Amino acid sequence: MRVPDLDPTGEHHGGLPTHPWRYDPSPDLLTRRQLRAAGLRPGGQEPAAQVGYLYRRSLALPVRPMTEARWRSHHRMMLARRTCALCRTVTECCIPTSLGCCLPCADGLALAELEELLALARAVPA
Ligand SMILES: [Zn+2]
Numbered sequence: 457m458r459v460p461d462l463d464p465t466g467e468h469h470g471g472l473p474t475h476p477w478r479y480d481p482s483p484d485l486l487t488r489r490q491l492r493a494a495g496l497r498p499g500g501q502e503p504a505a506q507v508g509y510l511y512r513r514s515l516a517l518p519v520r521p522m523t524e525a526r527w528r529s530h531h532r533m534m535l536a537r538r539t540c541a542l543c544r545t546v547t548e549c550c551i552p553t554s555l556g557c558c559l560p561c562a563d564g565l566a567l568a569e570l571e572e573l574l575a576l577a578r579a580v581p582a
């Protein structure tokens with residue numbers, strides 16, 4: 457998307473109304489993050505406009521409560537994001553997605569070597 461885009465009818469964006477950054481077209485149009493801050497989720501609706509995607513507050517649904525199973529799933533996902541694919545060390549912070557491994561493993565490796573090692577690591581189950 458070009459930056460100062462004002463296309464309120466969506467004529468140039470496949471029918472999706474498009475607004476420039478920091479333009480506030482309607483109090484009913486919120487980003488996913490703004491919906492979340494209001495305790496809401498998109499609830500299956502398609503984006504109604506874009507700065508990024510904006511969703512209609514009037515069609516949004518309440519956030520689903522966290523169950524034990526959802527927490528377990530969340531913790532497994534976060535553990536995977538903190539586990540180095542190469543040395544299997546669990547770090548305090550998430551592994552940079554740009555590297556795919558912890559900093560000590562990436563240190564001194566060329567990008568091609570790193571990608572080769574990561575491909576090998578992915579081929580072997582954890
Ligand atoms: Zn590592």
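Each position in the sequence shown, counted from 1, maps to that position plus 456 in our numbering. Note that CB positions come from ideal geometry on N, CA and C, so glycine has one too. All values reported here derive from a predicted model rather than from experimental measurement.
Since L510 is in the beta strand (DSSP E), which residue starts that stretch and which ends it?
The residue labelled residue 510 in the question sits at position 54 within the sequence shown. Element bounds for L510: Y509 to R512.
In whole angstroms, what separates the C-alpha of C549 from that of R538?
Counting from 1 along the sequence shown, the entry for residue 549 is found at position 93. Counting from 1 along the sequence shown, the entry for residue 538 is found at position 82. In a straight line, the C-alpha of C549 is about 6 angstroms away from that of R538.
Which whole-angstrom value describes the C-beta separation of W477 and V519, a residue pair presumed to lie in contact below a C-beta threshold of 8 angstroms?
Along the sequence shown, one-based indexing puts residue 477 at 21. Along the sequence shown, one-based indexing puts residue 519 at 63. Not confirmed; about 26 angstroms, so no contact.
Residues around ligand 3, please: the condition is that the C-beta lies closer than 7 angstroms to some non-hydrogen atom of it.
Ligands present in the displayed structure are limited to ligand 1, and ligand 3 is not among them.
For D484, which residues from the same chain have a beta carbon less than 7 angstroms from its beta carbon, with the 5 sequence-adjacent residues on both sides left out?
Here residue 484 refers to the residue found at position 28 when the sequence shown is read from its first residue. If we look at D484 and ignore the five residues flanking it on each side, its Cβ neighbours are R512, R513 and S514.
Less than 9 angstroms separating the beta-carbons of L576 and C558?
One-based indexing of the sequence shown puts residue 576 at position 120. One-based indexing of the sequence shown puts residue 558 at position 102. No, they are not a contact pair.
In the DSSP assignment, find the unbroken alpha helix (DSSP H) run with W477 in it and report its ends.
Reading the sequence shown from its first residue, position 21 is the one you call residue 477. Per DSSP, W477 belongs to no alpha helix (DSSP H) and is neither H nor E.
Compute the distance between the beta-carbons of L517 and P503, then report whether it is under 9 angstroms.
By 1-based counting over the sequence shown, the position of residue 517 is 61. By 1-based counting over the sequence shown, the position of residue 503 is 47. In this structure, P503 does not lie closer than 9 angstroms to L517 by Cβ.
Let me check understanding here. Comparing Cα to Cα, which of R526, A525, T547 and E524 lies closest to L535?
Residue 535 sits at position 79 when you count from the first residue of the sequence shown. Selected option, being the one with the closest Cα: T547.
Would you identify the three-state DSSP class for R492, choosing helix, strand or coil?
Along the sequence shown, one-based indexing puts residue 492 at 36. The answer is helix: DSSP assigns R492 an H, G or I state.
So if DSSP puts R497 in a beta bridge, which residue, or which two residues, is it bridged to?
Taking the first residue of the sequence shown as position 1, residue 497 is located at position 41. L517.
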